[in-house]
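Q:
Number of protein chains: 2
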Amino acid sequence: MDPQERRRQILDRSAEIFAEKSIAATTIRQIADAVGVYSGALYHYFPSKDAIVTELIREYIEDLTARCRDLVARSLPPIERMEALATIALETSAEYHGATAIWRREHHYMRKLLIAADMADTADEMEEAWRVAIAEGVADGSLRDDVDPHTLQEMLYDVLWHASRWYTAGPEHTHADLAATIVTVFVDGMRNRAR
Amino acid sequence: MDPQERRRQILDRSAEIFAEKSIAATTIRQIADAVGVYSGALYHYFPSKDAIVTELIREYIEDLTARCRDLVARSLPPIERMEALATIALETSAEYHGATAIWRREHHYMRKLLIAADMADTADEMEEAWRVAIAEGVADGSLRDDVDPHTLQEMLYDVLWHASRWYTAGPEHTHADLAATIVTVFVDGMRNRAR
DNA sequence: GTCTATACCCAGATAGAC
DNA sequence: GTCTATCTGGGTATAGAC
Numbered sequence: 031m032d033p034q035e036r037r038r039q040i041l042d043r044s045a046e047i048f049a050e051k052s053i054a055a056t057t058i059r060q061i062a063d064a065v066g067v068y069s070g071a072l073y074h075y076f077p078s079k080d081a082i083v084t085e086l087i088r089e090y091i092e093d094l095t096a097r098c099r100d101l102v103a104r105s106l107p108p109i110e111r112m113e114a115l116a117t118i119a120l121e122t123s124a125e126y127h128g129a130t131a132i133w134r135r136e137h138h139y140m141r142k143l144l145i146a147a148d149m150a151d152t153a154d155e156m157e158e159a160w161r162v163a164i165a166e167g168v169a170d171g172s173l174r175d176d177v178d179p180h181t182l183q184e185m186l187y188d189v190l191w192h193a194s195r196w197y198t199a200g201p202e203h204t205h206a207d208l209a210a211t212i213v214t215v216f217v218d219g220m221r222n223r224a225r
Numbered sequence: 031m032d033p034q035e036r037r038r039q040i041l042d043r044s045a046e047i048f049a050e051k052s053i054a055a056t057t058i059r060q061i062a063d064a065v066g067v068y069s070g071a072l073y074h075y076f077p078s079k080d081a082i083v084t085e086l087i088r089e090y091i092e093d094l095t096a097r098c099r100d101l102v103a104r105s106l107p108p109i110e111r112m113e114a115l116a117t118i119a120l121e122t123s124a125e126y127h128g129a130t131a132i133w134r135r136e137h138h139y140m141r142k143l144l145i146a147a148d149m150a151d152t153a154d155e156m157e158e159a160w161r162v163a164i165a166e167g168v169a170d171g172s173l174r175d176d177v178d179p180h181t182l183q184e185m186l187y188d189v190l191w192h193a194s195r196w197y198t199a200g201p202e203h204t205h206a207d208l209a210a211t212i213v214t215v216f217v218d219g220m221r222n223r224a225r
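Protein sequence lines, in the order shown, are assigned to chains A and B. Heads up, the numbering used here is the position in the first sequence plus 30, with the first residue counted as 1. Heads up, the numbering used here is the position in the second sequence plus 30, with the first residue counted as 1.
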C-alpha cells in the first residue's frame with residue numbers, strides 16, 4: 031500500500047478510537063487491528079503513540095488557526111465575526127471529530143504535547159480572535175458591558191466545542207444554522223418578546 | 031486509622047487524581063501514594079479500581095438527584111426554576127469536583143458502570159427536570175418557541191457542567207451569582223438595549 | 001489494617017526474517 | 001513494508017506475614 035495512504039489510515043483510525051475512549055485506554059494493538067496491520071508496522075510510520083496523537087492535533091490546530099486568521103483579516107463587525115468564528119468552530123469540530131474530542135477532553139495532556147512540539151502559540155491564536163471580537167463588541171456598544179467578557183467567552187467555548195456531542199449537521203441543518211442559533215440565543219436571548 | 035475515615039480519604043484522593051488525568055491513566059499505586067498507604071491496602075476497602083469510580087459517581091448522582099427532586103417539588107415558575115437548577119448544577123460541580131469531571135469527560139465509560147450498578151434511571155432524573163422546565167417555559171409563553179428546546183437544553187448543559195473549568199466561587203462571586211449570569215445571558219441575551 | 005512480596009497480564013516498543 | 005517473535009516495564013490484583 032502507498033505509504034502516504036497508510037499513514038493517513040493510521041491517523042484516521044486512531045482519531046476515531048481516541049474519540050471513543052481516552053488516549054490512555056487506547057492501545058497500539060487496537061489501532062493496528064483497525065488499520066489491518068500488525069502493531070509493529072505502525073512504528074514504521076510513527077515513532078510512538080504520542081507522536082500519532084501530536085500529529086492529529088497538529089493538523090487540527092493548524093487548519094483551525096488558518097481559518098481564524100483568514101476570518102480576522104476580513105474585519106467584520108463584532109457580532110457577525112462572532113457568528114463566523116462559531117461556524118468555523120462547528121465545522122472544524124465535525125471535520126476533525128476525533129481531534130476535537132481529545133483536544134477538549136484531555137486538554138492538560140494535549141497541552142504538554144503541543145508545548146513539546148512548539149505549537150502552543152498557534153493553539154492560542156483562535157482564543158485571541160474571540161477575545162478581541164467580544165472586546166470590540168463591548169467597546170462599540172453592540173454588547174452589554176455588565177457581563178464579564180471572559181465569562182461570555184468561556185460560555186461560548188463550552189457550547190461550541192461540545193456541540194458535536196449532540197448535533198449532527200445535515201442538508202437542512204448546517205453548521206452555519208447552528209452557529210446562527212447559538213449566537214442568537216447568546217445575543218438576543220431566549221425571552222419571548224413577541225407577546 | 032478509623033476505617034470510615036480511610037475509606038473517605040481513598041475516595042477523595044481518587045477523585046482529585048481522576049479529575050486531573052483520565053481514569054485509565056490513573057494507577058492504583060498513585061492513589062495509594064496519595065493516601066499514604068501501600069497499594070494492597072486499598073483492596074481492603076474496594077474490590078477494584080472500577081468500584082472506587084462507581085462509588086464516587088454514586089454519591090454524586092444521588093446527591094444531585096435529591097436536590098433536583100426537592101426543587102421540582104417547589105413548583106417555581108419555569109425561568110426561576112431554571113435558575114435554581116443552574117445553581118444546583120454549579121454547586122454540586124464544585125462540591126463534587128472530581129466526580130463531575132469524570133462524569134462529563136468519560137460519559138460513555140461511566141454510563142456502563144452506572145448501568146451495572148443499577149443507577150442509570152436515577153442519573154436521568156435531572157435531565158428530565160430540565161426538559162420539563164424548558165417545555166413549560168415555552169408553553170406558558172415566557173420562552174421563545176423558535177429555538178429547539180433540546181438545543182437550548184444541551185447548550186445549558188455544556189455551559190453548566192464545564193463551568194468549574196474556568197470559574198471558582200468566592201465570597202463575592204457565588205455559584206448563585208454565576209447561575210444568575212448564565213440564565214440572564216441565555217434568557218435576556220447579550221445585546222445592549224440601553225443605548 | 002497494613003506491609004512485603006509477588007503472580008499474572010498486557011502495554012509500548014524493538015529486532016530480524018521475509 | 002509487513003510479519004513474527006519477543007523484550008521490558010508497569011499495571012491490577014492477590015497472598016500471607018505481622
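Glycine included, each C-beta is placed from N, C-alpha and C at the ideal position. Fair warning: this is a prediction, and the values are worked out from it, not measured in the lab.
Given residue 187/B, which residues of its chain have a CB within under 8 Å of its CB, disregarding the five upstream and five downstream residues?
A: Hits under 8 Å: 160.
Q: Looking only at DSSP bridge pairs, what is residue 221/B linked to?
A: DSSP, once it has assigned bridges, lists 173/A as partnering residue 221/B.
Q: Please give the ranges of any alpha helix (DSSP H) in the region 134–179 of chain B, keeping only runs that are unbroken, at least 4 residues long and fully inside the region.
A: DSSP runs (the alpha helix (DSSP H)) wholly in the region 134–179 of chain B: 137–146 and 150–169.
Q: Within its chain, find whatever has a CB closer than 7 Å to the CB of residue 88/A; leave out the 5 residues flanking it on each side and keep chain order.
A: Cβ neighbours of residue 88/A beyond the five flanking positions: 147 and 149.
Q: Considering only residues of the same chain and omitting the five flanking positions on each side of residue 226/A, which have a CB-CB separation below 8 Å?
A: The requested residue 226/A is not part of the displayed model; chain A covers only 31 to 225.
Q: Taking all protein chains shown into account, decide if residue 73/B is buried (16 or more other Cβ within 10 angstroms of its Cβ) or exposed.
A: Exposed is the call here.
Q: Could you spell out the range, first to last residue, of the alpha helix (DSSP H) harbouring residue 75/A?
A: No alpha helix (DSSP H) holds residue 75/A; DSSP gives it neither H nor E.
Q: Quick one: what's got a C-beta closer than 6 Å to residue 122/A's C-beta in the same chain, skipping five residues either side?
A: Contacts found: 94.
Q: For residue 2/A, would you say it is in contact with chain B, using Cβ-to-Cβ distances shorter than 9 Å as the test?
A: Only positions 31 to 225 of chain A appear in this structure, which leaves residue 2/A out of reach.
Q: Could you tell me whether the Cβ atoms of residue 174/B and residue 220/A are closer together than 9 Å?
A: Yes, the pair counts as a contact, with Cβ atoms nearer than the cut-off.
Q: Let me confirm a value: residue 162/B is counted as buried when at least 16 other C-beta atoms fall within 10 Å, else exposed. Which label applies?
A: Result: exposed.
Q: Flag this pair as yes or no: are the beta carbons of residue 135/A and residue 118/A separated by less than 9 Å?
A: Their beta carbons are not under 9 Å apart, which means residue 135/A does not touch residue 118/A by this criterion.
Q: Contact between the region 45–61 of chain B and the region 43–57 of chain A: three or more CB pairs below 8 Å?
A: Yes: the two stretches touch, three or more of their Cβ pairs being nearer than 8 Å.
Q: Please report the distance separating the alpha-carbon of residue 83/A from that of residue 127/A.
A: If you take the alpha carbons of residue 83/A and residue 127/A, they lie about 13 Å apart.
Q: Can residue 116/A and residue 177/A be called in contact, C-beta distance under 9 Å?
A: No, Cβ-Cβ distance for residue 116/A and residue 177/A is not below 9 Å.
Q: Using a Cβ-Cβ distance under 9 Å, would residue 214/A count as near chain B?
A: Yes, its Cβ sits closer than 9 Å to a Cβ of chain B.
Q: What's the C-alpha gap between residue 64/B and residue 38/B?
A: Roughly 13 Å separates the two Cα atoms.
Q: For the region 137–154 of chain A, list every residue whose C-beta sits within 9 Å of some C-beta in chain B, in sequence order.
A: Under the 9 Å Cβ criterion, the region 137–154 of chain A contributes 137, 138 and 139.
Q: Within 9 Å of any Cβ in chain B, is that where the Cβ of residue 44/A sits?
A: For residue 44/A, the answer is no, since every Cβ of chain B falls outside 9 Å of its Cβ.
Q: Taking only beta-carbon atoms, is residue 51/A less than 9 Å away from chain B?
A: Chain B, which has a Cβ nearer than 9 Å to the Cβ of residue 51/A, makes this yes.
Q: Is any beta-carbon of chain B found at less than 9 Å from that of residue 189/A?
A: Closer than 9 Å to some Cβ of chain B, the Cβ of residue 189/A qualifies, so yes.
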